[in-house]
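Notes follow the structure.
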Amino acid sequence: MMRDAATFEPVESRLTKPQFWAALPERWTGDVEETLVCCQVRQETHDVKSFFFRSPQGRAFVFEPGQFITLELDIDGETINRCYTISSSPTRPHTISITVKRVPGGKVSNWLHDNLQAGKSVRVLGPSGEFTCARHPARKYLFLSAGSGITPLMSMSRAHHELSEDRDIVFVHSARSPDDIIFSRELDLIASNQSNFRTSFVCERVGPRTNWHGVTGFLTLPLLKAIAPDFLEREIFTCGPAPYMQAVRDLLADGGFDVAHYHEESFSFETLTASAPEVVIDTPATGANGADAADATQAFAVSFTRSNREITCGSGQHVLEAARQAGVRLPASCTQGMCGTCKVKLVSGQVDMKHNGGIRQREIDQGMVLLCCSKPLTDLVVEK
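Following this line, the structure appears as structure tokens:
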């Protein structure tokens with residue numbers, strides 16, 4: 000160890016410790032600190048990158064493995080919101096990561112791959128989401144994923160590994176080719192460290208490799224029975240493209256699996272069915288959830304101040320849906336209260352809003368609402 004000749008004090012002891020070594024850091028929340036700094040970009044496969052973020056103030060990230068965050072990005076003069084599952088483990092709270100596949104023609108994924116570098120800042124909402132093994136403890140799990148749908152299941156696997164929780168987990172991942180398997184080396188490492196963690200990869204085709212000895216084709220019920228003969232006894236978590244998840248649901252139904260132990264994360268927001276907090280904006284005191292404020296068949300007027308349009312929206316209908324039916328074009332992405340794209344200022348009126356984390360509490364306090372998950376309780380005036 001190097002020592003100062005005059006004081007004999009180790010030089011290392013006089014260096015300033017990085018902030019993330021401090022004990023018990025304050026918890027990060029997007030309501031307090033909107034912006035995170037990208038601290039590393041890691042190439043996972045030829046078209047997949049992981050982006051790691053750190054709080055500029057050294058705050059720690061607290062979340063459940065499998066949850067997601069929402070990025071608020073300015074791309075070509077347009078603000079775009081996109082939700083990405085957290086791929087890192089909550090056991091490493093000083094950084095948080097997402098893993099993104101470059102999609103041909105995808106505006107956000109291509110921008111991230113081409114522009115987001117270490118040192119750049121992004122605005123972030125979250126974490127949110129119900130898709131997590133933390134809320135469904137089980138003796139045995141079966142993780143089924145395809146493509147970049149591996150990310151939430153990787154977060155769960157990393158958490159079990161780093162907590163030395165050697166739970167009985169079978170992880171079956173489907174990819175286009177062996178070269179497209181994301182996190183393959185790390186999954187092998189986890190399997191080598193934990194006796195009860197087993198992986199199996201299913202590839203559509205071999206690709207350029209000549210040394211692939213794994214399964215080629217698609218996941219089928221006979222194959223699943225061969226990989227996990229006791230799959231009927233396991234808690235199953237699935238994530239991937241919509242056709243993949245439909246195929247999984249079909250084969251599990253054919254196999255007699257109890258759907259009460261099945262959980263999936265929608266790869267496209269249109270099929271998301273997660274539960275979420277309900278918020279009543281400017282509601283009277285009589286009706287905590289808005290049920291007493293409006294008759295189910297009542298219709299209300301919704302006025303848009305900037306476009307000078309007015310539509311009619313039923314009390315049981317979301318404002319965004321009514322606006323689209325009336326031909327009013329409004330920005331929206333997930334339509335499930337997750338991404339925040341349809342966020343607007345409610346000038347007057349009352350709505351019953353059930354969101355999935357796409358809006359900050361302070362924004363709700365300021366009168367902002369998400370039109371995709373807000374039902375009118377009175378006539379509305381919207382700043383849009």
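Its first residue numbered 0, the sequence shown is counted upward by one per residue in numbering that gives the first Met the number 0.
Think of the CB as a built atom: it goes at the ideal place given N, C-alpha and C, for glycine as much as any other residue.
Subject >> Rounded Cβ spacing between residue 51 and residue 84 (contact assumed at less than 8 Å) >> reply: Translated into the one-based positions of the sequence shown, residue 51 becomes position 52. Translated into the one-based positions of the sequence shown, residue 84 becomes position 85. Contact flag wrong, Cβ pair sits at about 14 Å.
Original post:
Which one or two residues does DSSP pair with residue 153 in a beta bridge?
Top reply: If you number the sequence shown from 1, residue 153 lands on position 154. Partner(s): none; residue 153 has no beta bridge.
**OP:** Leaving aside the five residues before and after residue 227 along the sequence, list all residues of the same chain whose C-beta is less than 6 Å from its C-beta, in chain order.
**Re:** Position 228 of the sequence shown, counted from the first residue, corresponds to residue 227. These residues qualify, in order along the chain: 141 and 169.
Original post:
residue 165 and residue 139: beta carbons closer than 9 Å?
Top reply: Along the sequence shown, read from residue 1 onward, the residue named residue 165 stands at position 166. Along the sequence shown, read from residue 1 onward, the residue named residue 139 stands at position 140. Not closer than 9 Å, so no.
**OP:** Compare the Cα-Cα distances from residue 157 to each of 185, 40 and 114 and report the closest residue.
**Re:** Within the sequence shown, the letter at position 158 stands for residue 157. Of the listed residues, the one whose Cα sits closest to residue 157 is 185.
Original post:
If we ignore side chains and look at the alpha-carbon of each, how far apart do residue 246 and residue 112 end up?
Top reply: Locating residue 246 in the sequence shown gives position 247, counting from the first residue. Locating residue 112 in the sequence shown gives position 113, counting from the first residue. As the crow flies, the alpha-carbon of residue 246 is around 30 Å from that of residue 112.
Original post:
According to the neighbour-count rule (16 or more other Cβ atoms, all chains shown, within 10 Å of its Cβ), is residue 119 buried or exposed?
Top reply: Counting from one through the sequence shown, the residue named residue 119 turns up at place 120. Residue 119 is exposed by the Cβ-count criterion.
Original post:
With respect to the beta strand (DSSP E) encompassing residue 362, which residues constitute its N-terminal and C-terminal limits?
Top reply: Mapped onto the sequence shown, residue 362 falls at position 363. DSSP places residue 362 outside any beta strand (DSSP E); the residue lies instead in the alpha helix (DSSP H), whose first and last residues are 360-364.
Subject >> Assigned exposure category for residue 128 - 16 Cβ within 10 Å defines buried >> reply: Numbered from its first residue, the sequence shown carries residue 128 at position 129. By the neighbour-count rule (16 or more Cβ atoms within 10 Å), residue 128 is buried.
Original post:
Between the C-alpha atoms of residue 340 and residue 332, what's the straight-line distance to the nearest angstrom?
Top reply: Translated into the one-based positions of the sequence shown, residue 340 becomes position 341. Translated into the one-based positions of the sequence shown, residue 332 becomes position 333. The straight-line gap from Cα to Cα measures roughly 6 Å.
Original post:
What does a CB cutoff of less than 7 Å around residue 284 pick up in its chain, not counting 5 residues either side in sequence?
Top reply: On the sequence shown, position 285 is the one that residue 284 refers to. At residue 284 the pLDDT is 29, less than 50, meaning the model places this residue with poor confidence and gives no usable figure here.
**OP:** Could I get the ranges of all uninterrupted alpha helix (DSSP H) runs contained in the stretch 183-264, with 4 residues as the minimum, in chain order?
**Re:** DSSP runs (the alpha helix (DSSP H)) wholly in the stretch 183-264: 183-192, 220-226 and 241-253.
Original post:
Do residue 263 and residue 237 have their C-beta atoms within less than 9 Å of each other?
Top reply: Position 264 of the sequence shown, counted from the first residue, corresponds to residue 263. Position 238 of the sequence shown, counted from the first residue, corresponds to residue 237. Judged by their CB atoms, residue 263 and residue 237 are nearer to each other than the 9 Å cut-off.
Original post:
Closest by CA to residue 241, which one among 315, 361, 146 and 154?
Top reply: Your numbering for residue 241 matches position 242 in the sequence shown. Checked all of 315, 361, 146 and 154; the closest Cα to residue 241 is 146.
Original post:
Are the Cβ atoms of residue 379 and residue 256 separated by less than 9 Å?
Top reply: As a working mapping, residue 379 is identified with position 380 in the sequence shown. As a working mapping, residue 256 is identified with position 257 in the sequence shown. The beta carbons of residue 379 and residue 256 sit no closer together than 9 Å.
Subject >> Cβ contact (3+ pairs, closer than 8 Å) linking the stretch 43-59 and the stretch 344-351 >> reply: A contact is defined here as three or more CB-CB pairs under 8 Å, and the stretch 43-59 fails this definition with respect to the stretch 344-351.
**OP:** Please classify residue 379: does DSSP put it in a helix, a strand, or coil?
**Re:** Taking the first residue of the sequence shown as 1, we reach residue 379 at position 380. In this structure, DSSP gives residue 379 an extended state, which the three-state scheme calls strand.
Subject >> Reference residue 54, options 373, 196 and 30, closest by Cα >> reply: Counted from its first residue, the sequence shown places residue 54 at position 55. Closest option to residue 54, Cα to Cα, is 30.
Subject >> DSSP-derived helix/strand/coil call for residue 160 >> reply: In the sequence shown, residue 160 corresponds to position 161, counting from 1. It is helical.
Subject >> Of the listed residues 315, 65 and 337, nearest to residue 159 (C-alpha basis) >> reply: Reading the sequence shown from its first residue, position 160 is the one you call residue 159. Minimum Cα distance to residue 159 is reached at 65.
Original post:
Any idea what DSSP makes of residue 106, helix, strand or coil?
Top reply: Here residue 106 refers to the residue found at position 107 of the sequence shown. In the three-state reduction of the DSSP assignment, residue 106 falls in the helix class.
**OP:** Would you tell me roughly how many angstroms separate the C-alpha atoms of residue 229 and residue 41, rounded to the nearest one?
**Re:** Locating residue 229 in the sequence shown gives position 230, where the first residue counts as 1. Locating residue 41 in the sequence shown gives position 42, where the first residue counts as 1. Taking the straight line from one Cα to the other gives about 36 Å.
Original post:
Going by C-alpha distance, which of 370, 338 and 364 is nearest residue 356?
Top reply: Residue numbering aside, residue 356 sits at position 357 when the sequence shown is read from its first letter. For the options 370, 338 and 364, the alpha carbon positioned closest to that of residue 356 is the one of 338.
**OP:** Could you check which residue in 363, 161 and 206 has the C-alpha nearest to that of residue 188?
**Re:** Position 189 of the sequence shown, counting from 1, holds the residue named residue 188. Residue 161 is the option with its Cα nearest to residue 188.
Subject >> Continuous beta strand (DSSP E) stretch holding residue 39: start and end >> reply: As a position in the sequence shown, residue 39 is number 40, starting the count at 1. Note, residue 39: beta strand (DSSP E), 34-44.
**OP:** Could you name the residues that DSSP lists as bridge partners for residue 310?
**Re:** Counting from one through the sequence shown, the residue named residue 310 turns up at place 311. The partner list for residue 310 (beta bridge, DSSP) reads 301.
Original post:
What separation, rounded to the nearest whole angstrom, lies between the Cα atoms of residue 107 and residue 49?
Top reply: Here the question's residue 107 lines up with position 108 in the sequence shown. Here the question's residue 49 lines up with position 50 in the sequence shown. Going by the C-alpha atoms only, they are around 14 Å apart.
Subject >> Collapsed DSSP secondary structure at residue 318 in the structure displayed >> reply: Taking the sequence shown and counting its residues from 1, the one referred to as residue 318 is at position 319. Note: residue 318 maps to helix in three-state DSSP.
Original post:
Since residue 253 contacts residue 222 with CB under 8 Å, what's their CB separation in whole angstroms?
Top reply: Numbered from 1 along the sequence shown, position 254 holds the residue referred to as residue 253. Numbered from 1 along the sequence shown, position 223 holds the residue referred to as residue 222. With 8 Å as the limit, residue 253 and residue 222 do not qualify as a contact, their Cβ atoms being about 13 Å apart.
Subject >> The beta strand (DSSP E) enclosing residue 172, as first and last residue numbers >> reply: Indexing the sequence shown from 1 puts residue 172 at position 173. Segment 167-174, the beta strand (DSSP E) holding residue 172.
Original post:
Mapping DSSP to helix, strand and coil, what is residue 75?
Top reply: Taking the sequence shown and counting its residues from 1, the one referred to as residue 75 is at position 76. It is coil, neither helix nor strand.
Original post:
Anyone know if the C-beta pair for residue 172 and residue 198 falls short of 9 Å?
Top reply: Here the question's residue 172 lines up with position 173 in the sequence shown. Here the question's residue 198 lines up with position 199 in the sequence shown. Cβ atoms of residue 172 and residue 198: closer than 9 Å.
Original post:
How far does the beta strand (DSSP E) with residue 122 in it reach, from first residue to last?
Top reply: Here residue 122 is taken as the residue at index 123 of the sequence shown, counted from 1. Where residue 122 is concerned, the enclosing beta strand (DSSP E) stretches over 120-127.
Original post:
Which residues in the same chain have their Cβ closer than 7 Å to the Cβ of residue 193, if we skip the five residues on either side of it in sequence?
Top reply: In the sequence shown, residue 193 corresponds to position 194, counting from 1. Excluding positions up to five away in sequence, the list reads 160 and 165.
**OP:** Identify the continuous beta strand (DSSP E) that holds residue 350 and give its terminal residues.
**Re:** For this step, residue 350 is matched to residue 351 along the sequence shown. According to the DSSP assignment, residue 350 belongs to the beta strand (DSSP E) that extends over 350-353.
**OP:** Report the rounded CA-to-CA distance for residue 215 versus residue 109, giving the unit in angstroms.
**Re:** The residue given as residue 215 occupies position 216 in the sequence shown. The residue given as residue 109 occupies position 110 in the sequence shown. About 29 Å.
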